[in-house]
Every structure is written in structure tokens, then in C-alpha cells.
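Residue numbers (the working numbering): 66 to 168.
Right, here's the structure in full:
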């Protein structure tokens, strides 16, 4: 499955910026505005986004089985990151969901 690091390494400026912005939504020290990203948490949340997308995806007759579904879902996740980055001050949907489910 594709990772944030894989997307960053693609070298596309817009995608690199989107990966960095997603990482910034997961600071190591939330009490510090310019804290370094918690890349482990960001990666975990990105993987969860892919899992959610994959769970929602219906296999296409054009897909070649599981590999096609994974590839299509990874492309959707890539587009989702790019879309998130166009929304000022967006929050990670996984973080938001986790906060809502806290007692």
C-alpha cells in the first residue's frame, strides 16, 4: 500500500506540499504551534484513510481484481490529500472522528 513517504518521494511539488501539510496536522507537541510533525501518527491516519476508501470502493469491472482496487484506492487517497490541501485550516478526518468518539 502507498505511504506518505512514497507520495513525498514522487517529487511532484503540489503533492509534496500536501504531504507536508497533512503531517503538520499531526504535531509531536500539540501545545507548540510550530512543532515537528508526528510522522508515525500521520502515516497511521493516512493508512486508515486508504482503508476507509477501500472499504467504500466497489470493484470495477475494469479493475484487474484486488491489485486494481488497491491502485484505484491509492489514486483516490492521493487526490484526497491534494484536495485537503486546498482547504484552509482543514483538520485530519481521522483525528476528528477519534475526538468525537472519546467519552
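Where a beta carbon is used, it is the ideal one built from N, C-alpha and C, also for glycine.
Q) Considering only the beta carbon of each residue, do residue 69 and residue 100 sit closer than 8 Å? A) As a position in the chain shown, residue 69 is number 4, starting the count at 1. As a position in the chain shown, residue 100 is number 35, starting the count at 1. Between residue 69 and residue 100, the C-beta gap is not smaller than 8 Å, which leaves the two residues out of contact.
Q. Rounded to a whole number of angstroms, what is the C-alpha to C-alpha distance between residue 154 and residue 97?
A. For the purposes of this step, residue 154 is identified with residue 89 of the chain shown, where counting begins at 1. For the purposes of this step, residue 97 is identified with residue 32 of the chain shown, where counting begins at 1. Straight across, the Cα-Cα distance linking residue 154 with residue 97 is about 16 Å.
Q. If you run the structure through DSSP and keep just helix, strand and coil, what is residue 98?
A. Looking up residue 98 in the chain shown gives position 33. In the structure shown, residue 98 sits in coil (DSSP, three-state: anything other than H, G, I, E or B).
Q.
Judging by CA-CA distance, which residue of 114, 74 and 76 is the nearest neighbour of residue 163?
A. Within the chain shown, numbered from 1, the residue matching residue 163 stands at position 98. Of the candidates 114, 74 and 76, the residue whose Cα lies closest to the Cα of residue 163 is 114.
Q | Distance between residue 135 and residue 142 (C-alpha atoms, nearest Å) | A | In the chain shown, counting from the first residue as 1, residue 142 sits at position 77. In the chain shown, counting from the first residue as 1, residue 135 sits at position 70. Approximately 10 Å, taken between the alpha carbons.
Q. Can the beta-carbon of residue 87 be found less than 8 Å from the beta-carbon of residue 111?
A. For the purposes of this step, residue 87 is taken as residue 22 along the chain shown, with counting starting at 1. For the purposes of this step, residue 111 is taken as residue 46 along the chain shown, with counting starting at 1. Result yes, Cβ atoms of residue 87 and residue 111 sit closer than 8 Å.
Q: Assign residue 151 to buried or exposed, taking buried as 16 or more other Cβ atoms, counted over all protein chains shown, within 10 Å of its Cβ.
A: On the chain shown, residue 151 is found 86 positions in, with the first residue counted as 1. By the 10 Å Cβ count, residue 151 comes out exposed.
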